[in-house]
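Just so you know, the protein sequences line up as chains A and B, in that order.
Each residue of the first sequence is one higher than the one before, starting from 20 at the first, in this note's numbering.
Each residue of the second sequence is one higher than the one before, starting from 20 at the first, in this note's numbering.
Beta carbons: idealized from backbone N, C-alpha and C, even for Gly.
Beneath this line is the structure, given in structure tokens, with notes to follow.
Number of protein chains: 2
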Amino acid sequence: MIVPRAAILSIGDELVLGTTLDTNGRTVSEALREAGLDVVEHRTVRDDRAAIAAAMRDLAASCDVLVSTGGLGPTDDDLTRDALNDLCDGGAPMVEDPQSRADLEAWFAGRGRAMAAINLRQAMRPRGARAIRNPGGTAPGLAATIGACRAWCLPGPPREMVPMFESDVLPAARPAGAPALAKCTVGTYGMGESSLAQRLGARMARDREPAVGTTASGSVVSIQVVARGPDAPRRAAEEAQACASIAAPYAFGTDGASLASALLDECRARRRTVTVAESCTGGLIGGMLTAVAGSSDCFPGGWITYSNALKTSEVGVAPEVLARHGAVSAETVAAMAAGACARAGATLGIAVSGIAGPGGAVEGKPVGTVWIAVHDASTGETRARRFEFPGPRDVVRDRAAKAALQLARWTLRGEDAPLIWERA
Amino acid sequence: MIVPRAAILSIGDELVLGTTLDTNGRTVSEALREAGLDVVEHRTVRDDRAAIAAAMRDLAASCDVLVSTGGLGPTDDDLTRDALNDLCDGGAPMVEDPQSRADLEAWFAGRGRAMAAINLRQAMRPRGARAIRNPGGTAPGLAATIGACRAWCLPGPPREMVPMFESDVLPAARPAGAPALAKCTVGTYGMGESSLAQRLGARMARDREPAVGTTASGSVVSIQVVARGPDAPRRAAEEAQACASIAAPYAFGTDGASLASALLDECRARRRTVTVAESCTGGLIGGMLTAVAGSSDCFPGGWITYSNALKTSEVGVAPEVLARHGAVSAETVAAMAAGACARAGATLGIAVSGIAGPGGAVEGKPVGTVWIAVHDASTGETRARRFEFPGPRDVVRDRAAKAALQLARWTLRGEDAPLIWERA
Numbered sequence: 020m021i022v023p024r025a026a027i028l029s030i031g032d033e034l035v036l037g038t039t040l041d042t043n044g045r046t047v048s049e050a051l052r053e054a055g056l057d058v059v060e061h062r063t064v065r066d067d068r069a070a071i072a073a074a075m076r077d078l079a080a081s082c083d084v085l086v087s088t089g090g091l092g093p094t095d096d097d098l099t100r101d102a103l104n105d106l107c108d109g110g111a112p113m114v115e116d117p118q119s120r121a122d123l124e125a126w127f128a129g130r131g132r133a134m135a136a137i138n139l140r141q142a143m144r145p146r147g148a149r150a151i152r153n154p155g156g157t158a159p160g161l162a163a164t165i166g167a168c169r170a171w172c173l174p175g176p177p178r179e180m181v182p183m184f185e186s187d188v189l190p191a192a193r194p195a196g197a198p199a200l201a202k203c204t205v206g207t208y209g210m211g212e213s214s215l216a217q218r219l220g221a222r223m224a225r226d227r228e229p230a231v232g233t234t235a236s237g238s239v240v241s242i243q244v245v246a247r248g249p250d251a252p253r254r255a256a257e258e259a260q261a262c263a264s265i266a267a268p269y270a271f272g273t274d275g276a277s278l279a280s281a282l283l284d285e286c287r288a289r290r291r292t293v294t295v296a297e298s299c300t301g302g303l304i305g306g307m308l309t310a311v312a313g314s315s316d317c318f319p320g321g322w323i324t325y326s327n328a329l330k331t332s333e334v335g336v337a338p339e340v341l342a343r344h345g346a347v348s349a350e351t352v353a354a355m356a357a358g359a360c361a362r363a364g365a366t367l368g369i370a371v372s373g374i375a376g377p378g379g380a381v382e383g384k385p386v387g388t389v390w391i392a393v394h395d396a397s398t399g400e401t402r403a404r405r406f407e408f409p410g411p412r413d414v415v416r417d418r419a420a421k422a423a424l425q426l427a428r429w430t431l432r433g434e435d436a437p438l439i440w441e442r443a
Numbered sequence: 020m021i022v023p024r025a026a027i028l029s030i031g032d033e034l035v036l037g038t039t040l041d042t043n044g045r046t047v048s049e050a051l052r053e054a055g056l057d058v059v060e061h062r063t064v065r066d067d068r069a070a071i072a073a074a075m076r077d078l079a080a081s082c083d084v085l086v087s088t089g090g091l092g093p094t095d096d097d098l099t100r101d102a103l104n105d106l107c108d109g110g111a112p113m114v115e116d117p118q119s120r121a122d123l124e125a126w127f128a129g130r131g132r133a134m135a136a137i138n139l140r141q142a143m144r145p146r147g148a149r150a151i152r153n154p155g156g157t158a159p160g161l162a163a164t165i166g167a168c169r170a171w172c173l174p175g176p177p178r179e180m181v182p183m184f185e186s187d188v189l190p191a192a193r194p195a196g197a198p199a200l201a202k203c204t205v206g207t208y209g210m211g212e213s214s215l216a217q218r219l220g221a222r223m224a225r226d227r228e229p230a231v232g233t234t235a236s237g238s239v240v241s242i243q244v245v246a247r248g249p250d251a252p253r254r255a256a257e258e259a260q261a262c263a264s265i266a267a268p269y270a271f272g273t274d275g276a277s278l279a280s281a282l283l284d285e286c287r288a289r290r291r292t293v294t295v296a297e298s299c300t301g302g303l304i305g306g307m308l309t310a311v312a313g314s315s316d317c318f319p320g321g322w323i324t325y326s327n328a329l330k331t332s333e334v335g336v337a338p339e340v341l342a343r344h345g346a347v348s349a350e351t352v353a354a355m356a357a358g359a360c361a362r363a364g365a366t367l368g369i370a371v372s373g374i375a376g377p378g379g380a381v382e383g384k385p386v387g388t389v390w391i392a393v394h395d396a397s398t399g400e401t402r403a404r405r406f407e408f409p410g411p412r413d414v415v416r417d418r419a420a421k422a423a424l425q426l427a428r429w430t431l432r433g434e435d436a437p438l439i440w441e442r443a
């Protein structure tokens with residue numbers, strides 16, 4: 020089977036000038052690749068009719084499929100329609116598409132607004148092109164051929180583009196007989212990407228089937244498994260399971276699981292509840308837990324004890340502990356975790372206190388020093404661990420919050436391992 | 020003065036395949052534009068020697084400046100060096116750059132690691148090229164000319180690329196006699212982008228000097244002011260000030276200010292302290308406040324009162340209020356705000372309770388319904404307002420947290436206005 024070649028063209032001054040970050044290229048590219056196409060190039064050009072037409076001509080000459088996004092609005096700087104018309108109809112007058120016009124009129128009528136005359140431009144199409152309906156906005160897409168290349172022009176806003184791409188482009192662009200493809204992702208936290216790669220070893224060899232790769236984002240290192248061919252979903256899931264075992268206990272879940280959702284799942288399975296007392300993370304752990312819909316059945320809430328006064332009055336850290344050991348100490352976080360647990364009536368307590376920077380470093384406690392404690396009310400045990408997280412303030416805080424969730428998860432599961440950035 | 024044309028080439032399978040989102044293109048583009056160049060195109064190609072060389076040749080033919088990122092690592096799929104050599108030296112054998120080799124050896128020695136033989140590839144350069152030192156990694160950059168175009172090849176990791184770009188590329192690429200350029204950004208929250216544009220009116224006309232535009236990100240609508248020519252910084256600042264006045268009271272600050280830092284500045288100026296009682300935002304407001312370094316002098320901490328039990332036990336919401344009006348009500352958030360304020364000994368209290376979704380909607384309270392209260396302990400007044408935030412769970416929560424910060428800021432400043440998404 021010949022694998023069709025695809026290219027992606029993003030159109031817009033704001034993209035070329037760097038005002039807006041293009042994410043459509045990535046979305047379309049991933050989906051086309053999964054459908055079995057070979058994506059060879061992205062290009063981004065300005066709202067310039069000649070530049071758009073030149074890029075389309077150039078890409079169409081070397082590819083079988085071309086997907087463009089942007090430039091289909093109603094204003095003078097929306098020129099994708101005209102550029103496509105230059106290429107596939109020699110710039111001849113365009114025709115009004117009745118369905119597009121009806122959709123536009125219905126769109127404005129449904130919002131109780133009068134349609135401006137310029138919006139009628141959006142109902143125009145090259146004679147050789149087909150209009151694609153846009154349920155989420157005013158700009159219809161266009162489908163046409165440029166030489167031997169099939170081209171689709173879609174609007175720029177992702178929430179309009181994605182449904183049109185999925186319903187119209189993807190089914191048509193998918194090569195007949197392309198092997199089925201299935202993906203599975205395993206999230207891990209607490210080991211470096213190179214250590215993980217070392218553990219996975221030969222599984223990551225190029226051209227292995229299923230393919231295994233790693234990516235890192237927000238300090239979470241993910242294992243990506245892609246299987247192709249017969250029985251792909253089962254083989255992808257099995258390979259992901261094998262990778263997760265290899266990455267244990269750092270692997271926290273597959274496909275869309277977050278550290279927070281993984282912890283909440285462990286709580287739910289064990290009929291446990293979890294609370295937090297956050298100092299340097301200042302609400303981030305609570306924010307991560309409550310980002311998960313349905314978290315309320317395991318998370319009653321918690322405390323942002325940023326000041327020493329609140330650490331004492333709210334979660335019962337003795338003033339002598341603060342005076343003797345400081346707010347960033349094993350003793351303080353242990354007291355915070357146990358105190359929050361008791362006060363919330365929860366069975367698991369998480370506490371964090373540290374120096375997120377850029378200021379605040381003291382002798383023996385550089386910026387990035389964070390103590391994290393987990394208190395298990397079912398055993399009465401509390402364990403505090405010290406970290407030195409590298410990075411600026413926001414990275415230190417994010418890493419600390421995620422480390423706390425991972426340690427709490429391990430406590431429930433009876434697992435343990437050294438976490439990267441942990442200091443004895 | 021002729022404005023030089025620039026193009027950006029990003030190199031890497033992971034970028035074309037959509038596994039990684041390219042941000043270098045935007046970074047380089049913005050900086051080149053501010054330096055006075057006309058950026059005309061971005062291109063992204065795979066780790067393929069012929070494809071890289073073809074893109075370089077093509078872009079160099081139409082541009083004066085070409086900046087590439089990526090493909091300078093030590094492995095077989097790092098081919099930028101070879102592609103550049105094909106173009107500017109006909110593929111003749113490359114030479115080893117003594118400074119690059121010394122830097123590589125020092126890099127590994129400084130980390131107590133042996134240098135692998137393959138790393139020596141990174142010390143090679145085309146005979147006609149100049150190596151650019153990389154203080155943050157192992158990959159030196161390369162500078163060369165392709166025909167009449169000056170080309171720079173930089174490594175892909177942003178933390179390595181950006182310093183090299185700023186120290187080596189930017190000073191050399193900046194056209195002599197380019198007008199000085201100054202930027203100023205005004206953040207606004209609570210009005211739609213089109214309403215803001217309407218208020219700014221003729222100030223947003225194309226080709227006006229200073230130029231005024233708007234962009235939206237994370238529901239914050241920013242006004243971008245760009246002045247060029249003599250006295251640009253003063254004129255940009257004055258124009259931004261004028262725009263901020265027009266956008267009052269929605270404008271909360273300039274250049275890097277967040278809603279949280281703006282609120283903390285108001286607190287500091289008035290010797291006020293602020294606390295929070297968060298239900299549906301679950302710690303996000305605390306997280307935003309403590310994202311600001313130095314927030315501890317105005318923010319002692321607060322409560323994540325996710326359950327009704329904690330709303331009662333911690334911030335004193337009477338059980339009858341919850342029973343009669345529900346957790347998502349004016350009465351409940353008013354009691355939360357006043358209770359948190361009293362308990363924390365703060366002079367300003369913020370409370371949020373709502374239905375973030377996707378579940379939880381009840382008759383008369385659709386998903387997105389959020390009540391926000393601000394209690395001013397200096398006057399004893401509490402004001403609660405109702406919102407219907409559109410969007411999925413994360414967007415509803417983010418919008419609610421930001422609305423709460425804006426309302427608190429207005430309370431301190433004695434300002435008021437309707438907020439978008441507010442429902443009487």
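So, are the CB atoms of residue i and residue j less than 8 Å apart?
i        : j        : result
B/Ala279 : B/Met307 : yes
B/Val239 : B/Tyr269 : no
A/Gly211 : A/Ala79  : no
B/Met183 : B/Ile151 : yes
A/Ala106 : A/Pro174 : It is Leu, not Ala, that sits at residue 106 of chain A in the sequence shown. Their beta carbons are not under 8 Å apart, which means A/Leu106 does not touch A/Pro174 by this criterion.
A/Gly410 : B/Thr309 : no
A/Ser326 : A/Val347 : no
A/Thr42  : A/Pro154 : no
B/Gly320 : B/Phe271 : no
A/Val47  : A/Val84  : no
Can you tell which of the options has the C-alpha that lies nearest to the C-alpha of residue i?
i        : options                                   : result
B/Thr6   : A/Gly313, A/Leu106, A/Ser236 and A/Ala357 : Nothing can be reported for residue 6 of chain B, as the shown portion of chain B is limited to 20 through 443.
A/Ala54  : A/Ile27, A/Glu179, A/Pro112 and A/Ala195  : A/Ala195
A/Gly378 : A/Ile369, A/Ala370 and A/Thr388           : A/Thr388
A/Leu367 : A/Ala375, A/Ile374, A/Ala356 and A/Gly376 : A/Ala356
B/Ile304 : B/Glu441, B/Ser277, B/Arg291 and B/Ala328 : B/Ser277
A/Ala136 : A/Pro154, A/Arg120, A/Arg146 and A/Leu200 : A/Arg120
B/Glu49  : A/Glu33, A/Leu56 and A/Leu51              : A/Glu33
For residue i and residue j, I'd like the C-alpha separation in whole angstroms.
i        : j        : result
A/Ser214 : A/Ile30  : 40 Å
A/Ser264 : A/Gly313 : 28 Å
B/Ser298 : B/Asp284 : 25 Å
A/Leu98  : A/Arg144 : 12 Å
B/Ala396 : B/Val245 : 41 Å
A/Gly275 : B/Arg225 : 43 Å
B/Thr430 : B/Val334 : 21 Å
A/Gly345 : A/Ile323 : 17 Å
A/Arg68  : A/Ala192 : 26 Å
A/Asp77  : A/Ala26  : 10 Å
A/Asp187 : B/Pro437 : 41 Å
A/Ala133 : B/Val381 : 34 Å
Go ahead and label residue i buried or exposed: buried means 16 or more other beta carbons lie within 10 angstroms of its beta carbon, across all protein chains shown.
i        : result
A/Thr398 : exposed
B/Arg130 : exposed
A/Gln217 : exposed
B/Gln118 : exposed
A/Pro190 : exposed
B/Val386 : buried
B/Val35  : buried
(message) Taking contact to mean 3 or more Cβ pairs, one atom from each stretch, closer than 8 Å, check whether the region 404 to 423 of chain A and the region 313 to 322 of chain B are in contact.
(response) no
(message) Contact between the region 59 to 77 of chain B and the region 57 to 68 of chain A is defined here as three or more beta-carbon pairs at a separation below 8 Å; is this criterion met?
(response) yes
(message) Check whether the region 85 to 102 of chain A and the region 121 to 141 of chain A touch, using three or more Cβ-Cβ pairs below 8 Å as the test.
(response) yes
(message) For the region 220 to 235 of chain B against the region 289 to 298 of chain B, do three or more pairs of beta-carbon atoms, one drawn from each stretch, fall closer than 8 Å, so that the two count as touching?
(response) Of all C-beta pairs linking the region 220 to 235 of chain B to the region 289 to 298 of chain B, fewer than three are shorter than 8 Å, placing the two stretches out of contact.
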